[in-house]
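As structure tokens, the structure follows; a few thoughts come after it.
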Amino acid sequence: MIHSPILNTWRWLRHMGYPNHIAFPLLKAAGLPKPVGDVIRKTIVKSKLWATERAEVARELIAHAHDAIAAGRSAEEIVEAFGDPKRVAKLMRRSMKRKRPLYWRTYRNMKRASAAMISILIVGYGGLAVRFYVGKPNIKKNFIAMMNAQNEGYSEDEKAWGVYRDVDAQWQRNALEVALLREGKDHKPIRMSHNTAGFRSDSEDYAEMVGLVKSFGAEIALVREAASRPIMGTVYSSELETVEVDGVYVSDSIEPAPNPEDQGLLISVLLPEIGIARGLVNVLMLDAKLAAQEQDTDRILKDIEASLRIGVQVGNTGPMISSRVAISIVQITNTTLEFLLKEHPGLLSSEELKQIAGLLNQASKNITMQYDMEIWMFEDFLQRAYTDDGHGNGRITARGIKMLMEEDSALMYYAADDPMTIEGYFKVAASPAALLAVEDRKTQSMRFAEHIEQTKQVVLDGPESIGWLDFHHDRIREASGGHVVESPMDMLAVSMRRLVSKVFWAQMKNEAMQTVIAIERYRIETGHYPDSIDMLVPAYIDEIPEDLFRLGHPIQYLLLSVDGYVLYAGGSDGDLDGGREPIESLGDHFVDSFAHRYRLLTAEEVDADEVEVLFDRSGKPRLDNHDCPDGDWILIDMRRESQSPARE
């Protein structure tokens, strides 16, 4: 016989389909009576053994048959004595398998174990799937109603929102009329709430903005009056209704459904007042600049006061985004005031400046963070995504996993997948694994509560503690390392830390602006700038603001003779550079400046050579981070334009 790898492979494949190729020729050559041969053939086939083993069975049975024939038994007697071929085949198979080699028995046991494991997994996953798809959320709390409860007890004439909404609609009408008179341009009207860049003097829309604001005197008076009201008064809902009135579109929230199951997520609640309020503040600040040109200081004071009061109304609504906008409103007001003092020196009297300083001091209370709404939003997500065992715990549901894994995450509900697609089948089959991949409700709630408490403590302790937010976030992420689906808590952590940085930065800027007012009052009353800002205490200011990048040290004052002055802080590198701004591009570093300055140290960094270490008030070490951009942070620049560095 010829042997070669190819021929041997061919023979092996051919014989796999014909395992009796050895046994049957042996049976044919034995010359047994047909009844005896048939019963042996059936036994060989039913043995289901390897080809060589079938041949051995054939030889043994043929030998027994020959012995019976030699003993004088007939074919019928042999067949009757032989018995059931199936039973004989089973006995022969059992006997032959005992003779098989160890590797085969090992393989057989492994295969049996694998089959058993797969069966257990299938049964277990089936039970998991039933548990997953049977679980339903129990939506109990009406958080949108709780949010709207802040309006209770106030009459309509104590709420500002209706006035702001109507003033925005009137702005649209005026802007539409102006747009229709344009030549060579499209007729798209300028939206007050969507085009804040147009309020800058270098904008191509600036001249049109000035014209609109000049014709808006009656409406601005209404805004000032509404700003004095105690509450914004918006009715919050996850649905917005937009109607056309006199050619313009007015949007307002639709009254929310009384049943929370018929409402959207609290995180999807619309906040129409935010954009309009910021637009109104820009209108007020542009009006203040126009008032300065007309030397109308009373109007300037009214515009600044109204702007800061709008910030209070926005900040009291609750969500974290409202806190961001409220802080931005204070900063917009400060920027405008800086412009007025620089471009119109001596316009405002010392007494008027003192009044503005008092307004800014009150506004400093609004430079903070609100937490209740964030807690409600997270709890609302949990009650819509998890089951409720009545003891504060529960498991993720099919609806919840969709809210976590779809593109927009927990922002809205999603239509059910079409199961008649490959993707639909896959999601239906794979989704129950979420019970193993997502933390339970109690753990999620506990982690979020911890992070909120940590954030509150950092805001109280000051910027030197901001590193704890990243440390705490990393720690809880490590604790949930076995859970592959990201929690909304993880998504909120970074944005919350950035808002904390914004709070610290805005606080220092607002205090610096009050210092500028003290300097200007000093100049008005003495005829010259102070040689040192220490000369302002206590007649013009209670104390010099602290440089939050250099704890325990005041902000710096750089007097440039008649060319003005600069107030600056040490910057995120922690040292003073004489008021020189960083040369390199900052990018996102501005937002993260406090986190860079006061990040927590690892054990390796503490032990490293030539590492300068800062210690906070509790004795925790931090790096004196000189890897940050070299330069100071300019707080207020009161130099003449010819002396001021170019800014983006």
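Under the numbering used here, the letters of the sequence shown match residues 86 to 733, in that order.
Built from N, CA and C at the ideal position, the CB exists for glycine as well.
Computed from a predicted model, the values in this text were never measured in an experiment.
Would you decide whether T128 is buried or exposed? Buried here means 16 or more other CB atoms lie within 10 Å of its CB. buried
Rounded to whole angstroms, what is the Cα-Cα separation between L652 and I604? 11 Å
With three or more C-beta pairs closer than 8 Å as the rule, is the region 155-173 touching the region 206-221? no
Check whether I395 and A312 have beta carbons under 8 Å apart: yes
Can you tell me whether H557 is buried or exposed, with buried defined as 16 or more other CB within 10 angstroms of its CB? buried
Where do the N-terminal and C-terminal ends of the beta strand (DSSP E) with Y650 fall, by residue? Y650 to A654
Does the distance from the CB of S657 to the CB of F634 come in under 8 Å? yes
As assigned by DSSP and simplified to three states, the class of L645: coil
For Y334, does the three-state DSSP call read helix, strand or coil? strand
Taking Cβ positions, are Q592 and I626 nearer each other than 8 Å? no
Identify whether T402 lies in helix, strand or coil by the three-state DSSP scheme. coil
Proximity of A143 and L112 at Cβ, strictly below 8 Å: yes
Comparing alpha-carbon positions, which option in Y614, E631 and P548 lies nearest L644? Y614
Quick one: give me the first and last residue of the beta strand (DSSP E) that I721 is part of. W718 to D722
So, with DSSP's three-state summary, where would you put E666? coil
Three-state secondary structure assigned by DSSP to I316: strand
Do R480 and R469 have their beta-carbon atoms positioned less than 8 Å apart in this structure? no
Taking a contact to mean a Cβ-Cβ separation below 8 Å, would you say S322 touches I339 in this structure? yes
How about V333 and G296: are their beta carbons less than 8 Å apart? no
What residues match up with T327 in a beta bridge as DSSP calls it? S336
Residue interval of the alpha helix (DSSP H) (run including E535): R526 to D546
In the DSSP output, which residue or residues are listed as bridge partners for P639? E631
Enumerate in chain order the residues of its own chain whose CB-to-CB distance from P404 is below 6 Å, with the five nearest sequence positions on each side excluded. M458
Is the beta carbon of L433 less than 8 Å from the beta carbon of T382? yes
By the 10 Å Cβ neighbour count, where 16 or more other Cβ atoms means buried, how is Y650 classified, buried or exposed? buried
With 16 as the cutoff for other CB atoms within 10 Å, does L365 come out buried or exposed? buried
Buried or exposed, going by whether 16 or more other CB atoms sit within 10 Å of the CB of M195? exposed
Tell me the start and end of each unbroken alpha helix (DSSP H) in the region 171-237 that is at least 4 residues and wholly inside, in chain order. 187-219 and 228-233
Cα separation between A245 and P345? 27 Å
Going straight from the alpha carbon of Q447 to that of V544, what length do you get? 18 Å
Is any beta-carbon of chain D found at less than 8 Å from that of V601? Annotation note: the requested chain D is absent from the structure, which comprises a single protein chain.
Specify the secondary structure class of K387 as computed by DSSP and reduced to three states. helix
When the distance is taken between beta carbons, is D717 closer than 8 Å to L661? yes
Could you pull the start and end residues of the alpha helix (DSSP H) that A470 belongs to? D457 to A470
What are the uninterrupted segments assigned as alpha helix (DSSP H) that are 4 or more residues long and contained completely in the region 599-631, given in chain order? none
Status (buried if at least 16 other CB within 10 Å, exposed otherwise) for G400: buried
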